[in-house]
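Novice: What follows is a structure written as structure tokens; I'll ask about it next.
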Amino acid sequence: MTYAAEISRANPSCFVFLVDQSASMNDPIGGGQQRKADVVADAINRLLAELSVKCAKEEGVRDYFHVAVIGYGHAVGSAFTGPLAGRDLVPLSQVAEKPARVEKRTKKVPDGAGGLVETTTRFPVWVDPVANGATPMCRALASAESLVSDWVSRHPDSFPPIVLNLTDGESTDGDPAGAAWGVQTHVTADGAALLFNLHVSAANAVPVTFPDTDIALPDGYARTLFGMSSLLPPHMRFYALQQGVPAEDLARGFVYNADITSLVQFLDIGTRATDLR
Amino acid sequence: MTTSPSFTSTSGDEPTRALPSGATYVEALQDTALCFRGTDLAGADVRVDALGRPRAISGNFASVFSVTVADGTRYAIKCFTREAPEQAARYRAVGEHLARLDDDWTVGFDYVAHGILVDGAWHPVLRMEWVEAVNLLRWIDRHVDDSHAVSRVAERFAHLVARLAEAGIGHGDLQHGNLLITADGSIKLVDYDGVYVPALAGLPAAETGHRNYQSPDRTAAEFGPEVDRFSSWVVYLSLVALATDPSLWRQLRAEDAEHLLLAESDFADPAGSFRLATLTGHPDARLRGLAERFQQILLHHRAAPPPLEPLDPLDGVELSSGENFGDVEPSGPRLPSWMVERLEPHMPAPPPLVRFSHRAPALAALTRALLVLLPFGVPAAVFVDEAVAVADVSAVLAWAAVTAAGYRRQPERARAREARAERKRLANARLAAEAQATRVDQDARQAAEAAERSRAEQDRRRQDLQQWHDQRLRAHQRAVKVHLDQIDRDRQGSAARMHLEEQRLLVRRQKAHLRAELAQFRLATAGVEGVGPTQIANLEAVGIRTAADFVGVRYEVDGHDRVAIFVLADGRAVSAARVGEVSAVLIDQWRERRTAEVEATRPTAVTPVEHRALRIRFTAERAQLDAEHQRVLADAEVRFGELRAELRAAQVALADELKTANTATAHTRVDHDRAAAEAAVRLERAERAAAEGATRADAFRPISYRGYLRFLLTGRN
Ligand SMILES: Nc1ncnc2c1ncn2[C@@H]1O[C@H](COP(=O)(O)OP(=O)(O)OP(=O)(O)O)[C@@H](O)[C@H]1O
Numbered sequence: 001m002t003y004a005a006e007i008s009r010a011n012p013s014c015f016v017f018l019v020d021q022s023a024s025m026n027d028p029i030g031g032g033q034q035r036k037a038d039v040v041a042d043a044i045n046r047l048l049a050e051l052s053v054k055c056a057k058e059e060g061v062r063d064y065f066h067v068a069v070i071g072y073g074h075a076v077g078s079a080f081t082g083p084l085a086g087r088d089l090v091p092l093s094q095v096a097e098k099p100a101r102v103e104k105r106t107k108k109v110p111d112g113a114g115g116l117v118e119t120t121t122r123f124p125v126w127v128d129p130v131a132n133g134a135t136p137m138c139r140a141l142a143s144a145e146s147l148v149s150d151w152v153s154r155h156p157d158s159f160p161p162i163v164l165n166l167t168d169g170e171s172t173d174g175d176p177a178g179a180a181w182g183v184q185t186h187v188t189a190d191g192a193a194l195l196f197n198l199h200v201s202a203a204n205a206v207p208v209t210f211p212d213t214d215i216a217l218p219d220g221y222a223r224t225l226f227g228m229s230s231l232l233p234p235h236m237r238f239y240a241l242q243q244g245v246p247a248e249d250l251a252r253g254f255v256y257n258a259d260i261t262s263l264v265q266f267l268d269i270g271t272r273a274t275d276l277r
Numbered sequence: 001m002t003t004s005p006s007f008t009s010t011s012g013d014e015p016t017r018a019l020p021s022g023a024t025y026v027e028a029l030q031d032t033a034l035c036f037r038g039t040d041l042a043g044a045d046v047r048v049d050a051l052g053r054p055r056a057i058s059g060n061f062a063s064v065f066s067v068t069v070a071d072g073t074r075y076a077i078k079c080f081t082r083e084a085p086e087q088a089a090r091y092r093a094v095g096e097h098l099a100r101l102d103d104d105w106t107v108g109f110d111y112v113a114h115g116i117l118v119d120g121a122w123h124p125v126l127r128m129e130w131v132e133a134v135n136l137l138r139w140i141d142r143h144v145d146d147s148h149a150v151s152r153v154a155e156r157f158a159h160l161v162a163r164l165a166e167a168g169i170g171h172g173d174l175q176h177g178n179l180l181i182t183a184d185g186s187i188k189l190v191d192y193d194g195v196y197v198p199a200l201a202g203l204p205a206a207e208t209g210h211r212n213y214q215s216p217d218r219t220a221a222e223f224g225p226e227v228d229r230f231s232s233w234v235v236y237l238s239l240v241a242l243a244t245d246p247s248l249w250r251q252l253r254a255e256d257a258e259h260l261l262l263a264e265s266d267f268a269d270p271a272g273s274f275r276l277a278t279l280t281g282h283p284d285a286r287l288r289g290l291a292e293r294f295q296q297i298l299l300h301h302r303a304a305p306p307p308l309e310p311l312d313p314l315d316g317v318e319l320s321s322g323e324n325f326g327d328v329e330p331s332g333p334r335l336p337s338w339m340v341e342r343l344e345p346h347m348p349a350p351p352p353l354v355r356f357s358h359r360a361p362a363l364a365a366l367t368r369a370l371l372v373l374l375p376f377g378v379p380a381a382v383f384v385d386e387a388v389a390v391a392d393v394s395a396v397l398a399w400a401a402v403t404a405a406g407y408r409r410q411p412e413r414a415r416a417r418e419a420r421a422e423r424k425r426l427a428n429a430r431l432a433a434e435a436q437a438t439r440v441d442q443d444a445r446q447a448a449e450a451a452e453r454s455r456a457e458q459d460r461r462r463q464d465l466q467q468w469h470d471q472r473l474r475a476h477q478r479a480v481k482v483h484l485d486q487i488d489r490d491r492q493g494s495a496a497r498m499h500l501e502e503q504r505l506l507v508r509r510q511k512a513h514l515r516a517e518l519a520q521f522r523l524a525t526a527g528v529e530g531v532g533p534t535q536i537a538n539l540e541a542v543g544i545r546t547a548a549d550f551v552g553v554r555y556e557v558d559g560h561d562r563v564a565i566f567v568l569a570d571g572r573a574v575s576a577a578r579v580g581e582v583s584a585v586l587i588d589q590w591r592e593r594r595t596a597e598v599e600a601t602r603p604t605a606v607t608p609v610e611h612r613a614l615r616i617r618f619t620a621e622r623a624q625l626d627a628e629h630q631r632v633l634a635d636a637e638v639r640f641g642e643l644r645a646e647l648r649a650a651q652v653a654l655a656d657e658l659k660t661a662n663t664a665t666a667h668t669r670v671d672h673d674r675a676a677a678e679a680a681v682r683l684e685r686a687e688r689a690a691a692e693g694a695t696r697a698d699a700f701r702p703i704s705y706r707g708y709l710r711f712l713l714t715g716r717n
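Residue numbers (our numbering), protein chains in the order written: chain A, 1 to 277; chain Z, 1 to 717.
As structure tokens, this is what we get:
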């Protein structure tokens, strides 16, 4: 059985986030006011926070994962800002400890009695929105591939690395499909590295989550990204279904203009739920 | 610590809606006035992390937070992140059942359906008394070298298992994270998500437990008081083993591994399990017995294990509940870990030297006598008689035989032989282990090199594939370009032809115009000087009536005369009688003048009709070429798509192939890593066994033939 390896400190897995930081990310996301760059940076920061909470135990955040955030735009390289700037794979405990800053964000939330109240939350920031330059997606994928390949040779028994690419899809350095396949040829004894894609688009099309076909996708970029995305492993599909997210047998790790942070909830760490086996 | 836990549960099951994630709870808990609005937790303090955000302890189903209210009471608030079927009903049943017990392992809880407000929606929480304790893994990490403490926890665990069985309860997820050890060494059991109590009979299990504690055969269908049997064996065996031999903690698990001494892979393949083999081959007989029992269970009763069979109290220490041996007050001075490491309970301090105990008096007397007499015997043999020498030698030989036999009869000597043989065996085993470790290292190096080569080969194949595609693509692009260039040339040719045709038509039209106009000018009325009716008649006779009828004049010499020859429009040459050279020149000049006049008014373009006809013809031709151009482009696009599809198909096929190869590599690596780790542990254990064997054999140092002789002689050894 694949994608069933235990994720533990002794046998950690890794996450490589690829963040599109090209000039086109300055455009607003379809049907919204936010810039794509803001949406993507926000998603990364949320994913990192979510992952930290998921792996927090009695004695603090455990290194169940090592995490890299690679930006691609005018250059390809670490997208961390603050104390982690310039680093690639960082043990999760250090990620949790060292955001660039903790922002106080104020928002209006329902008070449960029909009204709205203002409340302030602390929001850790590791990655800032950036938008300039071209979209060297092939190079970004190649850089993810080298991290992944190195990882699997050092951790051959681990849960396979997960590469999550957040982009508007318009690769400027060639057809990314080949580079995408390259990432997925690296395997551990538990399965091939997973490549998931979050497509943020300026088009005002219906959001799509974990589709199993590309017919409903609005454009060629989306279809290419869909084609590049790995199938969701069964246990992830199970958890997606449990969260009320429809995910068919051939559902792919592809999300179009929708939330991807739920992905972290699909990870299985510790006691197994039933129906999984 | 709270003394009498309470267990309550409010309201029924809510309709299911997606539960918030851990981080969403962390966000909500930053404003407890809001998220606990209207409950007595409103405004409570949440324990925070270094970033000032609520500090979670997460499992696979929930995140737990420490919340302290104004009066100082501290709660553990469990916020659920995964849907659990009939959660409220289950907690109600569990609460009711636990309330009837008076057990110290329980932790009081309230299941609150409207527990926490997150983004405007209420979600349930489990509010528990906060247990000040550390989980079993961490506890062992800290106390593994305190064999007494470990053995007491093993005892308490066995006791806990017995209590659960008596109460008809199955916890469902006995594992290190749910076994909390308090400062006084007592065990608290948390996480009642998957608990079975008799009222829940017939339901399926809500979860199937931690992989490193459960039988591979466990399914959700098993849900009863027996559900903890397997895991209780795992925990108990591990604790007993650790109390017996703390070095196993380091040897049988990676430093941060999330299991005790055994894990999922050992349960799945007991025959191939190194860890299990280490326990069943342990020098300590009690441990070995327990491990063998569990091995039998794994091999034959994995799906339905028998209840735990605890050993007698491990080291005779009474379980007195008031005794402290945890974090707060360690019981008496403890040995430092390096000492404990050396003086394992199964390997006591170096044994005292073994000495001969039984001395045959006759043999002793004989020896002494021989020793006294022999010095005289030698000169006697030399100087007195050969017979004396013979007697001397026989006496010594006889004595040697008798003492040797006596030595052999000594009970110490048999034990010494045994100990020495054992030392030799263990030393050989150590050598074998060393050789094995070296071999494994070599294998691993070779495998790593092979992997490196295969990686380079894979890179090459991927590059080759890309090159193959690029070449095909370039060839395709070239072919398309050639075709398009040809069409461009055809287009130019067509345009040039149209122009030419137009010119031709124009010339024809101009010629026609010229002839028609010149035909209007009759020679008869032209009044050319010297051309009278006769000449006119003669010219008409050869067909020249108007300026259009001839195109020029040339002169031929006929004897002395020059004859004017008119060139007709159709090219024939004629001469007219009586038209001499002079008249002919004038006639031709007339014609040229008229021609010049007419040419000044000649048309400069083809007729509109002609023009239209031309245009229609050439537009069709052009359209055909344009269509072809389009078709070539479209075909090129289709072909481009095909090429890309073929590339992708080839990439997929290659990727599959590489994946298969890499999977094999990964498995090899895993096997090598495991073999290397096991070989290292084997070597370490063999080294220790060899050292112990040597120590034991060394105790028999005095037991030798020479020592025996000395013993016979002096009575000391
Ligand atoms: N009452 C309590 N007091 C102190 N700590 C607690 C309490 N309850 C739980 N914890 C801590 O929180 C952790 C997670 O809680 P729990 O096991 O209930 O969550 P879970 O999601 O069901 O985990 P699992 O993956 O084990 O099923 C526990 O391992 C323990 O360390």
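Each residue gets a CB set at the ideal place from its N, CA and C atoms; glycine is no exception.
These figures come from a predicted structure and were not determined experimentally.
#1: Can you find a C-beta in chain A that's less than 7 Å from the C-beta of Z:Gln30?
#2: Using a beta-carbon distance below 7 Å, is Z:Glu318 in contact with chain A?
#3: Excluding sequence positions up to five away, which residues of its chain have a Cβ less than 8 Å from the Cβ of Z:Arg497?
#4: Out of Z:Thr367, Z:Gly209, Z:Val551, point me to the one whose CA is closest to Z:Val402's CA.
#5: In whole angstroms, what separates the C-alpha of Z:Leu311 from that of Z:Ala149?
#6: For A:His186, go through chain Z and note every residue whose CB falls closer than 7 Å to its CB, in chain order.
#7: Less than 7 Å between C-beta atoms, sequence neighbours within five positions excluded: which residues of the same chain meet that for A:Arg9?
#8: In whole angstroms, what is the alpha-carbon distance linking Z:His346 and A:Ser93?
#9: 7 Å is my cut-off, CB to CB: does Z:Ser232 come that close to chain A?
#10: Just to confirm, does A:Ile7 get its C-beta within under 6 Å of one of the non-hydrogen atoms of ligand 1?
#11: When the Cα of A:Pro211 is compared with those of A:Ala189, A:Arg237, A:Asp27, A:Pro99, which residue comes out closest?
#12: Looking only at its own chain, which residues have a Cβ that is under 6 Å from the Cβ of A:Leu164, when we skip the five neighbours before and after it?
#13: Output yes if chain Z places a C-beta closer than 7 Å to the C-beta of A:Asp122; else output no.
#14: Between A:Thr188 and Z:Glu434, what straight-line distance do the alpha-carbon atoms span, to the nearest angstrom?
#15: Could you pull out every residue in the same chain whose Cβ sits closer than 8 Å to the Cβ of Z:Ile487, ignoring the five residues on either side in sequence?
#16: Say whether chain Z places a C-beta atom closer than 7 Å to the C-beta of A:Pro234.
#17: Using a Cβ-Cβ cut-off of 6 Å (strictly less than) and excluding sequence neighbours within five positions of Z:His483, which residues of its own chain qualify?
#18: Which same chain residues, not among the five before or five after A:Pro161, have their C-beta less than 6 Å away from its C-beta?
#19: Under DSSP, the alpha helix (DSSP H) around A:Ala193 begins and ends at which residues?
#20: Can a CB atom of chain A be found closer than 7 Å to the CB of Z:Arg453?
#21: Z:Leu136 to Z:Arg218, Cα distance in whole Å?
#22: According to a CB-to-CB cut-off of less than 9 Å, which residues of the stretch 245-279 of chain Z neighbour chain C?
#23: Looking at the C-beta of A:Ser8, does it have a partner C-beta in chain Z at a distance below 7 Å?
#24: Relative to the C-alpha of A:Gly133, which residue among A:Lys98, A:Asn204, A:Val76 is closest?
#25: For Z:Pro603, which residues from the same chain have a beta carbon less than 8 Å from its beta carbon, with the 5 sequence-adjacent residues on both sides left out?
#26: For A:Lys330, which residues from the same chain have a beta carbon less than 6 Å from its beta carbon, with the 5 sequence-adjacent residues on both sides left out?
#27: Just how far apart, CA to CA, sit Z:Trp399 and Z:Ala421?
#28: I'd like to know whether the C-beta of A:Asp157 is nearer than 7 Å to at least one C-beta of chain Z.
#29: So Z:Val125 contacts chain A; which residues on that side make the cut at Cβ distance below 8 Å?
#30: For chain Z, is any of its Cβ atoms less than 7 Å away from the one on A:Lys108?
#31: Are the CB atoms of Z:Ala548 and Z:Leu518 nearer to each other than 7 Å?
#32: Compute the Euclidean distance between the alpha carbons of Z:Gln467 and A:Ser143, then round it to the nearest angstrom.
#33: Count the other C-beta atoms from every protein chain shown that fall within 10 angstroms of the C-beta of Z:Ser273, then say buried if there are 16 or more, exposed otherwise.
#34: Pull the bridge partners of Z:Glu129 from the DSSP assignment, please.
#35: Would you list the residues sitting across from Z:Val190 in a DSSP beta bridge?
Specialist: On the basis of the coordinates in this document:
#1: Within the second sequence, the letter at position 30 stands for residue 30 of chain Z. Chain A contact via Cβ: present.
#2: Within the second sequence, the letter at position 318 stands for residue 318 of chain Z. Confidence in Z:Glu318 is poor, its pLDDT being 40 and thus under 50, which makes the residue's placement unreliable; the coordinate value appears in the next sentence. No, because no Cβ of chain A sits closer than 7 Å to the Cβ of Z:Glu318.
#3: Here the question's residue 497 of chain Z lines up with position 497 in the second sequence. For Z:Arg497, where only same-chain residues beyond five positions count, the Cβ hits under 8 Å are Phe618.
#4: Counting from one through the second sequence, the residue named residue 402 of chain Z turns up at place 402. Among Z:Thr367, Z:Gly209, Z:Val551, the Cα nearest to that of Z:Val402 belongs to Z:Thr367.
#5: Position 311 of the second sequence, counted from the first residue, corresponds to residue 311 of chain Z. Position 149 of the second sequence, counted from the first residue, corresponds to residue 149 of chain Z. Approximately 16 Å, taken between the alpha carbons.
#6: As a position in the first sequence, residue 186 of chain A is number 186, starting the count at 1. Ordered by position in chain Z, the residues that pass the 7 Å Cβ test against A:His186 are Asn662.
#7: Counted from its first residue, the first sequence places residue 9 of chain A at position 9. Arg62, Asp63, Tyr64, listed in sequence order.
#8: Against the second sequence, residue 346 of chain Z aligns to sequence position 346. Against the first sequence, residue 93 of chain A aligns to sequence position 93. Low confidence applies here, because Z:His346 scores a pLDDT of 47, under 50, leaving its location unreliable and the question unanswered by this model.
#9: Counted from its first residue, the second sequence places residue 232 of chain Z at position 232. Judged by the 7 Å Cβ criterion, Z:Ser232 is not in contact with chain A.
#10: Your numbering for residue 7 of chain A matches position 7 in the first sequence. Distances between the C-beta of A:Ile7 and the heavy atoms of ligand 1 are all 6 Å or more.
#11: Within the first sequence, residue 211 of chain A is the residue found at index 211, counting from 1. Ranking A:Ala189, A:Arg237, A:Asp27, A:Pro99 by Cα distance to A:Pro211 puts A:Arg237 first.
#12: Reading the first sequence from its first residue, position 164 is the one you call residue 164 of chain A. The answer, listed in chain order, is Phe17, Phe196.
#13: Residue numbering aside, residue 122 of chain A sits at position 122 when the first sequence is read from its first letter. For clarity, residue 122 of chain A is Arg in the given sequence; the question names Asp instead. Closer than 7 Å: yes.
#14: On the first sequence, residue 188 of chain A is found 188 positions in, with the first residue counted as 1. On the second sequence, residue 434 of chain Z is found 434 positions in, with the first residue counted as 1. Roughly 29 Å separates the two Cα atoms.
#15: Translated into the one-based positions of the second sequence, residue 487 of chain Z becomes position 487. Counting only Cβ-Cβ distances below 8 Å, and skipping sequence neighbours, we find Leu625, Glu628, His629, Val632.
#16: The residue given as residue 234 of chain A occupies position 234 in the first sequence. With 7 Å as the cut-off, A:Pro234 does not count as an interface residue toward chain Z.
#17: Within the second sequence, residue 483 of chain Z is the residue found at index 483, counting from 1. Once the five neighbours on either side are set aside, the close Cβ partners of Z:His483 are Val632.
#18: Start at 1 with the first residue of the first sequence, and residue 161 of chain A comes out as number 161. Beyond the five residues adjoining it in sequence on each side, A:Pro161 comes within less than 6 Å, by CB distance, of Cys14, Val148, Trp151, Ala193 in the same chain, given in chain order.
#19: Position 193 of the first sequence, counted from the start, is the residue given in the question as residue 193 of chain A. Taken as a continuous stretch (DSSP letters only), A:Ala193 belongs to no alpha helix (DSSP H), as it is neither H nor E.
#20: Locating residue 453 of chain Z in the second sequence gives position 453, counting from the first residue. It does not; no Cβ of chain A falls within 7 Å.
#21: Taking the second sequence and counting its residues from 1, one reaches residue 136 of chain Z at position 136. Taking the second sequence and counting its residues from 1, one reaches residue 218 of chain Z at position 218. Cα-Cα distance, rounded: 23 Å.
#22: Judged by its chain identifiers, the structure shown contains no chain C, and its protein chains are A and Z.
#23: For the purposes of this step, residue 8 of chain A is taken as residue 8 along the first sequence, with counting starting at 1. True, the Cβ-Cβ gap to chain Z drops below 7 Å.
#24: For this step, residue 133 of chain A is matched to residue 133 along the first sequence. The shortest C-alpha separation from A:Gly133 is found at A:Val76.
#25: Start at 1 with the first residue of the second sequence, and residue 603 of chain Z comes out as number 603. Within the same chain, Z:Pro603 has close Cβ partners Leu506, Arg509, Gln510, His513.
#26: Here chain A has residues from 1 to 277 only, and residue 330 of chain A is not among them.
#27: For the purposes of this step, residue 399 of chain Z is taken as residue 399 along the second sequence, with counting starting at 1. For the purposes of this step, residue 421 of chain Z is taken as residue 421 along the second sequence, with counting starting at 1. Rounded to the nearest angstrom, the two C-alpha atoms are 28 Å apart.
#28: On the first sequence, position 157 is the one that residue 157 of chain A refers to. Taking 7 Å as the threshold, the shortest C-beta distance from A:Asp157 to chain Z falls below it.
#29: Sequence index remark: in the second sequence, residue 125 of chain Z carries index 125 (1-based). Per Cβ cutoff of 8 Å: no residues; Z:Val125 is ~14 Å from chain A at best.
#30: In the first sequence, the residue the question calls residue 108 of chain A occupies position 108. Among the CB atoms of chain Z, none fall inside 7 Å of the CB of A:Lys108.
#31: For this step, residue 548 of chain Z is matched to residue 548 along the second sequence. For this step, residue 518 of chain Z is matched to residue 518 along the second sequence. Closer than 7 Å, so yes.
#32: Within the second sequence, the letter at position 467 stands for residue 467 of chain Z. Within the first sequence, the letter at position 143 stands for residue 143 of chain A. Answer to the nearest angstrom: the Cα atoms are 20 Å apart.
#33: As a first step, residue 273 of chain Z must be located in the second sequence, where it is residue number 273. Per the 10 Å Cβ criterion, buried.
#34: The count along the second sequence starts at 1 and reaches residue 129 of chain Z at position 129. DSSP output for Z:Glu129 lists Z:Tyr75 as bridge partner(s).
#35: Taking the first residue of the second sequence as 1, we reach residue 190 of chain Z at position 190. According to DSSP, which records beta bridges pairwise, Z:Val190 is partnered with nothing at all.
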